[in-house]
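> Following this message is one structure expressed as structure tokens.
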Amino acid sequence: MHQAIEFGNRLLTFVLAFVALLVTIAMYKANRRSELKVYAWISGLGIIAQAVIGGISVLLDLQWWAVAVHFLPSMILVWVAALLYSRIAEDDHSAVSTALPPHIRSVLLCGAVALAIVLITGTMVTGSGVHSGDDGVGMEGRLNVDTKMMAIIHAVCMYLYLGCTLIGAFLIRRARAASAAQRAVMVLLAVIVVQWAIGVAQFYLGVPRWTVPIHIGMSSVVTACTAIVWAHSRRRLPHPETESSR
């Protein structure tokens, strides 16, 4: 089973790299702005770097820190992909407009930093737990901390992240921001609650194996939704005369 999962992951890497290549080519053929080209390049080169990191982590018998180093860049790539998705529909020639006031942007930035800490502490919970590393490395290949205490620290960080998001949602609504921004932050709150429920279930069920991929997958969803909310803080709005001509 482990070999099948590893081989399937390698095959999907080729598929993902091919898609990233097509996206990069499309950015140049459509003569899109530099920002979008940078996102496309980061995605493509990041996938290649992740393939190398993944290979190294296998050679290191999947020790907990090697797995963490492999996981966290994936979340960065998810963030970049979400920004590309959010920005690609904007007009390249429109002026950049600050769609949200600076104090709301500051709250959202604090939320993004809190999310990063949540992800880091999450890898430490896994690194000290029952699903860390390869059987061959034994306990010495795992993070030598109390898993329960690490899970509590991870939960506290998650609540700080949730608090920042709740404050951001309140401020966005009070500022009467664009409806798309309000919808995005409500979706983010919903996926955070789902991820919280999964994490709580893991804790009280003793971290059954089937919950791990669900929790990791939802981490990607939460990261993407956070990036989309952040993208709404700065927009390229079409000029009125351009919009009327359409």
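At position 206 of the sequence shown the residue is numbered 209 (this note's numbering), and the sequence of numbers has no breaks. For glycine and all other residues, C-beta sits at the position ideal for the given N, C-alpha and C. Just so you know, these numbers come straight off a predicted model, no measurement behind them.
1. Check each candidate in L14, I107, Y207 and name the one with the smallest Cα separation from V188.
2. Under a three-way DSSP split, which group does R108 fall into?
3. Counting along the chain, where does the alpha helix (DSSP H) carrying V133 start and finish?
4. So what's R35 in DSSP terms, helix, strand or just coil?
5. From which residue to which residue does the beta strand (DSSP E) around R239 run?
6. Could you tell me the alpha carbon to alpha carbon distance between V55 and I219, rounded to whole angstroms?
7. Taking contact to mean at least 3 C-beta pairs separated by less than 8 Å, is the segment 47-62 in contact with the segment 194-211?
8. Relative to the C-alpha of L208, which residue among A193, Y31, K151 is closest?
9. Using a Cβ cut-off of 7 Å (strictly closer), state whether I195 contacts chain D.
10. From the DSSP output, in three-state form, read off V194 for me.
11. Just the C-alpha distance for C160 and F21, rounded to the nearest angstrom, thanks.
12. Can you tell me whether S97 is helix, strand or coil according to DSSP?
13. How is M66 classed by DSSP in three states: helix, strand or coil?
14. G209 by DSSP, collapsed to three states: which one?
15. Given a cut-off of 7 Å, decide if R238 and A102 are closer than it, judged by their beta-carbon atoms.
16. What is the rounded straight-line gap between the Cα of A181 and the Cα of S236?
17. Please state the DSSP three-state secondary structure of L75.
18. Could you give the first and the last residue of the continuous alpha helix (DSSP H) run that contains V215?
19. How big is the Cα-Cα spacing for I217 and S223?
20. Would you be able to state if there are at least three C-beta pairs under 8 Å between the segment 157-171 and the segment 124-131?
21. Apply the 10 Å Cβ neighbour rule to W213 and answer buried if 16 or more other Cβ atoms are within range, or exposed otherwise.
22. When DSSP labels each residue in this structure, what does N147 get in the three-state scheme?
23. Excluding the five sequence neighbours on either side, which residues of its own chain have a C-beta within less than 7 Å of the C-beta of G24, listed in chain order?
24. I think A154 touches F206, with their Cβ atoms under 8 Å apart; what is that distance to the nearest whole Å?
25. Would L165 pass as a contact of I195 if the rule is Cβ separation under 7 Å?
Let's see:
1. I107
2. helix
3. Careful: V133 lies outside any alpha helix (DSSP H) and carries neither H nor E.
4. coil
5. 237-239
6. 21 Å
7. no
8. K151
9. Within the model displayed, chain D is absent; a lone protein chain is all it includes.
10. helix
11. 36 Å
12. coil
13. Inspection of the sequence shows that residue 66 is occupied by Gln rather than by Met. Of the three classes helix, strand and coil, the one that applies to Q66 here is coil, per DSSP.
14. coil
15. yes
16. 10 Å
17. helix
18. 214-234
19. 10 Å
20. yes
21. exposed
22. coil
23. For clarity, residue 24 is Leu in the given sequence; the question names Gly instead. Hits under 7 Å: G47.
24. 6 Å
25. yes
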